[in-house]
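*Asks:* Before I ask anything, here is the structure I am working with.
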Amino acid sequence: MEAIATLLRSSRSVRTWKKPHQAGETGLSVLGPSMRSMKSYIDEDLHGAEFRECDLTGARLIGVVMQDAVIDGLITNLVVNGVEVTEYVEAELDRRHPVRVLIRSEDPADLREASRQLHAGWAATIERIRRTPGIERRSVNDEWSAVQTMRHLVFVHDSWFRRCCLGSTELFTPMGIGTTVEPYRGAHGLDLSLDPALDEIVSVRDAQAAELEAWLDEVTAVQLAARAPVPDDDVWPPYARGRLVRQCLGTVLNETFEHHGFCVRDLDLIEAQDAEYHEPRSASPLRLGPADAG
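Structure (structure tokens):
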């Protein structure tokens with residue numbers, strides 16, 4: 000099997016792993032630095048520890064206490080107390096988010112519906128953002144803000160759809176936020192100095208969504224099963240060569256879904272923090288002095 004690739008950036012959690020693809024599988028879009036060898040932790044207090052951008056493949060947690068823990072990433076063949084739980088988790092995620100099933104489909108009609116639902120979900124979230132001006136630039140837990148997340152999706156569309164599905168050699172949209180890996184970090188038209196407004200980003204994303212949906216209206220199963228027409232040059236993503244069009248499209252749809260989930264999660268956290276901060280404190284009980292007691 001192809002080794003698990005490393006990560007796009009340090010600010011987004013291990014959900015951005017890419018994995019080996021079979022025909023029709025979806026994945027995420029990233030690469031990053033190599034990992035050091037595995038360490039052993041014995042009789043250590045790791046209470047509250049955070050493992051970010053770590054490859055824990057083959058890790059064994061024996062005799063541990065794990066309460067109120069969060070695991071988020073590319074997870075397969077996970078055994079908890081002797082029970083392989085990955086299928087349970089995947090089934091529950093499909094139940095909560097039926098669009099995931101459409102994203103994995105080979106049927107062009109399902110993929111068109113997946114794209115429509117993803118765009119509608121983002122449109123609703125953008126309207127939510129507009130109700131609280133400024134929230135789009137706030138972040139929590141070292142994650143991307145909403146505008147940074149949307150700018151990353153601008154880059155995903157340019158790289159994984161236009162280049163890999165259409166074979167385009169055009170420069171990327173300057174506002175896009177891409178990989179931190181050199182020499183790709185600021186290459187092929189990206190302008191790292193830009194700080195576009197929300198409306199500008201939304202306008203670009205709407206145009207990209209329309210472009211994708213127009214293509215999906217015409218694409219056939221035969222075209223999806225063809226080898227992706229990735230240009231033969233040194234532009235991101237270099238590891239897409241040899242994949243099928245369907246696999247590259249899967250990356251676009253999956254990134255659009257996953258990053259929407261990250262954005263909604265962080266908006267929830269920000270709004271909860273704000274509500275807690277502004278919650279009125281209960282008044283202290285009235286204390287009567289001796290002169291008031293009679």
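Just so we're aligned: the sequence shown equals residues 0 to 293 in numbering that gives the first Met the number 0.
Idealized CB from N, CA, C, for every residue including glycine.
(1) Which residues share a DSSP beta bridge with valine 82?
(2) Rank Asp273, Glu210, Gly260 by C-alpha distance to the C-alpha of isoleucine 125 and give the top, closest one.
(3) Between alanine 119 and asparagine 253, what straight-line distance do the alpha-carbon atoms span, to the nearest angstrom?
(4) Alpha carbon to alpha carbon, what distance is there between valine 78 and arginine 59?
(5) With a threshold of 6 Å on Cβ separation, who are the neighbours of phenylalanine 171 within its own chain once the five nearest residues in sequence on each side are excluded?
(6) Closer than 8 Å is the cut-off here; do at least three beta carbon pairs connect the stretch 99 to 108 with the stretch 242 to 256?
(7) Whole angstroms is fine: what's the gap from alanine 224's alpha carbon to threonine 75's?
(8) Checking contacts by CB at 8 Å: is glutamine 272 closer than that to chain C?
(9) First and last residue of the alpha helix (DSSP H) that includes alanine 208?
(10) Between Ala220, Val146, Thr255, which has its C-alpha nearest valine 244's C-alpha?
(11) Do the stretch 49 to 67 and the stretch 207 to 220 meet, that is, are 3 or more Cβ pairs less than 8 Å apart?
(12) Determine the closest residue to arginine 204 out of Met149, Ala145, Arg226, with distance taken between C-alpha atoms.
(13) At what residues does the alpha helix (DSSP H) containing phenylalanine 256 begin and finish?
(14) DSSP three-state call for arginine 240: helix, strand or coil?
(15) So what does DSSP say about arginine 103, is it helix, strand or coil?
(16) DSSP three-state label for arginine 51, please.
(17) Can you tell me which of Pro237, Glu210, Glu257 puts its alpha carbon nearest to the alpha carbon of arginine 111?
(18) Can you tell me where the alpha helix (DSSP H) holding aspartate 150 begins and where it ends?
(19) Between the beta-carbon of glycine 133 and the beta-carbon of proline 228, is there less than 8 Å?
(20) Which residues does DSSP list as the beta-bridge partners of arginine 226?
(21) Starting from the Cα of aspartate 194, find the closest Cα among Pro230, His151, Phe160 and give me that residue.
(22) In or out: glutamine 272 buried (at least 16 other Cβ within 10 Å) or exposed?
(23) Pull up the distance between the alpha-carbon of alanine 145 and that of histidine 277, whole angstroms please.
(24) Excluding five sequence neighbours on each side, which residues of the same chain lie with their C-beta closer than 8 Å to the C-beta of glutamine 116?
(25) Under a three-way DSSP split, which group does glutamine 66 fall into?
*Replies:* So, from the listed chains and residues:
(1) Residue numbering aside, residue 82 sits at position 83 when the sequence shown is read from its first letter. DSSP output for valine 82 lists Val79 as bridge partner(s).
(2) The residue you call residue 125 lines up with position 126 of the sequence shown. Ranking the options by Cα distance to isoleucine 125, first place goes to Gly260.
(3) On the sequence shown, position 120 is the one that residue 119 refers to. On the sequence shown, position 254 is the one that residue 253 refers to. Going from the Cα of alanine 119 to the Cα of asparagine 253 covers about 15 Å.
(4) Numbered from its first residue, the sequence shown carries residue 59 at position 60. Numbered from its first residue, the sequence shown carries residue 78 at position 79. Cα-Cα distance, rounded: 10 Å.
(5) Locating residue 171 in the sequence shown gives position 172, counting from the first residue. Closer than 6 Å at the Cβ level, and outside the excluded window around phenylalanine 171, lie Asp157, His187, Gly188, Leu189.
(6) yes
(7) Locating residue 224 in the sequence shown gives position 225, where the first residue counts as 1. Locating residue 75 in the sequence shown gives position 76, where the first residue counts as 1. So the two alpha carbons sit approximately 26 Å from each other.
(8) The structure shown contains no chain C; it holds only a single protein chain.
(9) Here the question's residue 208 lines up with position 209 in the sequence shown. 197 to 217 is the extent of the alpha helix (DSSP H) around alanine 208.
(10) Translated into the one-based positions of the sequence shown, residue 244 becomes position 245. Looking at the Cα atoms, Ala220 is the closest of the given residues.
(11) no
(12) For this step, residue 204 is matched to residue 205 along the sequence shown. Nearest of Met149, Ala145, Arg226 to arginine 204, Cα basis: Met149.
(13) Counting from 1 along the sequence shown, the entry for residue 256 is found at position 257. Phenylalanine 256 -> alpha helix (DSSP H) spans 244 to 277.
(14) Your numbering for residue 240 matches position 241 in the sequence shown. Arginine 240: coil per DSSP, three-state reduction.
(15) In the sequence shown, residue 103 corresponds to position 104, counting from 1. Residue state, collapsed to three classes: helix.
(16) Translated into positions along the sequence shown, residue 51 becomes position 52. Looking at arginine 51 - three-state DSSP - the assignment turns out to be coil, as it is neither helix nor strand.
(17) The sequence position of residue 111 within the sequence shown is 112, counting from 1. With distances taken between Cα atoms, arginine 111 lies closest to Glu210.
(18) Position 151 of the sequence shown, counting from 1, holds the residue named residue 150. It should be pointed out that residue 150 corresponds to arginine in this sequence rather than to aspartate. Its alpha helix (DSSP H) spans residues 145 to 155.
(19) Sequence index remark: in the sequence shown, residue 133 carries index 134 (1-based). Sequence index remark: in the sequence shown, residue 228 carries index 229 (1-based). No; because the gap between Cβ atoms is not below 8 Å, this pair is not in contact.
(20) On the sequence shown, residue 226 is found 227 positions in, with the first residue counted as 1. Looking at the DSSP assignment, arginine 226 forms a beta bridge with Leu243.
(21) Here residue 194 refers to the residue found at position 195 of the sequence shown. If we check each option's Cα against that of aspartate 194, His151 comes out closest.
(22) Sequence index remark: in the sequence shown, residue 272 carries index 273 (1-based). Under this definition glutamine 272 is an exposed residue.
(23) Position 146 of the sequence shown, counted from the start, is the residue given in the question as residue 145. Position 278 of the sequence shown, counted from the start, is the residue given in the question as residue 277. C-alpha separation (whole angstroms): 22 Å.
(24) Here residue 116 is taken as the residue at index 117 of the sequence shown, counted from 1. Correct list, in chain order: Val98, Leu101.
(25) To locate residue 66, count along the sequence shown from 1; it is residue 67. The answer is coil: DSSP assigns glutamine 66 none of H, G, I, E or B.
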